[in-house]
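**Q** Take this structure, written in structure tokens, and hold onto it; I'll ask about it next.
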């Protein structure tokens, strides 16, 4: 089985997958606890418009998606603050407008529909060296920023109002969080595809929360779950010729269910023991 | 005594509804002020204005001689919010981690907590008798215990002025007594306290000054003066006995 590590395409997939998974898990823990979990889905829809635009104008789709995701995510914040539209609606307006652009472009330029599918559903085994470098660099940037602002992000996640009274720039950190989400979604585009990008943000985080432990340990557990499920997904998809992105997400969902069930069983045993 | 907080000509409203009208008062160092009033009287709004959570629309707020717009001495401020009871039981934070957040106002980027900070957290937890629980998650505690942890978090940076918003909501009677005794102890050690509460009967037993709010400031003065006005104020608080025996 270890021979799969000798193939350059598998090496690239493992390296990209692990870095992207850790970035998703760290960011996801903050987003899930702040009830922003589904913003990832919105940004993924926005990125789709960028991918299609990139393919149409012969710009690397990665950059097209990144530009759309960054502009779109900042647009969501502006719409929410200036037009006084609630967060969910702001995400809906911008993400669906961008999705519409993507579908429109795909329909008028039918030649690249196969390429689009690889961005929608991921193709980590076909990742190019430049994409690997971009994904790893961006994932490292996201991880380092989260670690540098760890205590402030932890505080605003616990209680925004209290954080404000400690002089923490809450609005700035909220903007930072949404920009990091945009970057992370784009970096995970090749790993699990835009359709499932937010799964890597949500599932490892909610799985880690089942351990009922400290914040620091929750972040570490989420990172371990995310990176190990990506590796397991890669191995299984290689061994049995499964779709990699789907396999990764199914394993993550399975891990969550197992942890949830064992927690429930544990509390039943505990209560009957004490009862 | 010197003035630590001054509210000058403050007016505030949401849309077209005025919540606070022409509020003026001064808090001296060492005061224990009970900010009371019926539901919807603007107590929490005033507190949020003082703390910079809501933007000032009209008037001026001066803390420690500095206008709130230029204020940056956040370590001097401690705040215990209203919604302690809404801490989710699943939130993954230990008591030690929660109290540690109170030190962030003292830190500059990148905000890293040191061993010395950890000792300060332990000392703050000891003050509120929660040191034996330090590795428990905050969601596992009772309402009263959570409030004591939030007091420790607010006090860990050794603030000069402590603000509390309805701190005993959802807390049992015995824990409430312990909680107010703790506040009285902190006040006797020099901390200025501003306590928002609708539990008028209980807090008048502890506070030195009372600010009675009902959109306008209806009364501001000492506890003794307030009690001599007891009959006058009773109608606002549905005949609640406002001046229980302080003994």
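Protein chains in written order, with this note's numbering: chain A, 34 to 308; chain B, -8 to 238. C-beta: ideal position from N, C-alpha, C; glycine also. All figures in this text were calculated on a predicted structure; none of them were measured in a lab.
Whole alpha helix (DSSP H) runs in the region 133 to 181 of chain A with 4 or more residues, listed along the chain?
**A** With a minimum length of 4 residues, the continuous alpha helix (DSSP H) runs that stay inside the region 133 to 181 of chain A are 146 to 154, 162 to 181.
**Q** Look at the Cβ atom of residue 20 of chain A, then the Cβ atom of residue 282 of chain A, and state whether they are nearer than 8 Å.
**A** There is no way to answer for residue 20 of chain A, as the model of chain A reaches only from 34 to 308.
**Q** Buried or exposed for residue 298 of chain A, please, with buried defined as at least 16 other CB atoms from any protein chain shown within 10 angstroms of its CB.
**A** Exposed: under 16 other Cβ atoms inside 10 Å.
**Q** Residue 45 of chain A CB to nearest chain B CB: under 8 Å?
**A** No, no contact with chain B.
**Q** Specify, as a first and last residue, the run of the alpha helix (DSSP H) that residue 156 of chain B falls within.
**A** First-last for residue 156 of chain B: 152 to 156, but that is the beta strand (DSSP E), not the alpha helix (DSSP H).
**Q** Does chain A have any CB closer than 8 Å to the CB of residue 82 of chain B?
**A** Yes, because at least one Cβ of chain A sits closer than 8 Å to the Cβ of residue 82 of chain B.
**Q** Distance check for residue 254 of chain A and residue 86 of chain B, CA to CA, integer angstroms please.
**A** Each residue's Cα considered, the two are about 19 Å apart.
**Q** Using 8 Å as the threshold, is the C-beta distance between residue 53 of chain A and residue 220 of chain A below it?
**A** Yes, Cβ-Cβ distance for residue 53 of chain A and residue 220 of chain A is below 8 Å.
**Q** Kindly indicate if chain A contains any beta-carbon less than 8 Å away from that of residue 43 of chain B.
**A** Chain A, which has a Cβ nearer than 8 Å to the Cβ of residue 43 of chain B, makes this yes.
**Q** Verify the CB distance criterion: does residue 288 of chain A have a CB-CB separation below 8 Å to chain B?
**A** So no, residue 288 of chain A is outside the interface.
**Q** Considering only the alpha carbon of each residue, which of B/155, B/192, B/165 lies closest to residue 177 of chain B?
**A** Out of B/155, B/192, B/165, B/155 has the C-alpha closest to the C-alpha of residue 177 of chain B.
**Q** Determine the chain B residues that contact residue 199 of chain A at a beta-carbon separation under 7 Å, and present them in chain order.
**A** The answer, in chain order, is 65, 95, 96.
**Q** When DSSP labels each residue in this structure, what does residue 249 of chain B get in the three-state scheme?
**A** Examination of residue 249 of chain B is not possible in this model, given that chain B is present from -8 through 238 alone.
**Q** Taking residue 65 of chain A as part of the alpha helix (DSSP H), name the residues at either end of that continuous run.
**A** Start and end: 41 to 66.
**Q** Put residue 275 of chain A into one of helix, strand or coil per three-state DSSP.
**A** DSSP places residue 275 of chain A in coil when its eight states are reduced to three.
**Q** Tell me whether residue 35 of chain B is buried or exposed, calling it buried when 16 or more other Cβ atoms sit within 10 Å of its Cβ.
**A** Counting Cβ neighbours within 10 Å, residue 35 of chain B comes out buried, since at least 16 surround it.
**Q** Can residue 160 of chain A and residue 45 of chain A be called in contact, C-beta distance under 8 Å?
**A** Yes, Cβ-Cβ distance for residue 160 of chain A and residue 45 of chain A is below 8 Å.
**Q** Spell out a yes or no on whether the region 109 to 118 of chain B and the region 126 to 138 of chain B are touching, meaning 3 or more CB-CB pairs, one atom from each, closer than 8 Å.
**A** Short answer: they don't touch.
**Q** Less than 8 Å separating the beta-carbons of residue 143 of chain B and residue 162 of chain B?
**A** Contact: no.
**Q** Do you know offhand how far residue 205 of chain A's Cα is from residue 214 of chain A's?
**A** Cα-Cα distance, rounded: 14 Å.
**Q** Please name the residue, chosen from B/218, B/204, B/97, B/216, that lies closest to residue 67 of chain B on a Cα-to-Cα basis.
**A** Nearest C-alpha to residue 67 of chain B: B/97.
**Q** Counting only beta-carbon separations shorter than 8 Å, does residue 226 of chain B have a partner in chain A?
**A** Annotation note: pLDDT 48 at residue 226 of chain B (below 50); position unreliable, coordinate value reported separately. Not closer than 8 Å to any Cβ of chain A, the Cβ of residue 226 of chain B fails to qualify, so no.
**Q** Tell me which same chain residues have a C-beta within less than 8 Å of the C-beta of residue 15 of chain B, skipping the five on either side of it?
**A** -2, -1, 0, 1, 208, listed in sequence order.
**Q** Within the continuous alpha helix (DSSP H) that includes residue 178 of chain B, where are the two ends?
**A** Residues 164 to 179.
**Q** In three-state DSSP terms, what is residue 159 of chain B?
**A** Looking at residue 159 of chain B - three-state DSSP - the assignment turns out to be coil, as it is neither helix nor strand.
**Q** Is it right to say residue 39 of chain A is buried, meaning 16 or more other beta carbons lie within 10 angstroms of its own, or is it exposed?
**A** So residue 39 of chain A ends up on the exposed side.
**Q** I'd like the span of the beta strand (DSSP E) that includes residue -3 of chain B, first residue to last.
**A** Note, residue -3 of chain B: beta strand (DSSP E), -6 to 5.
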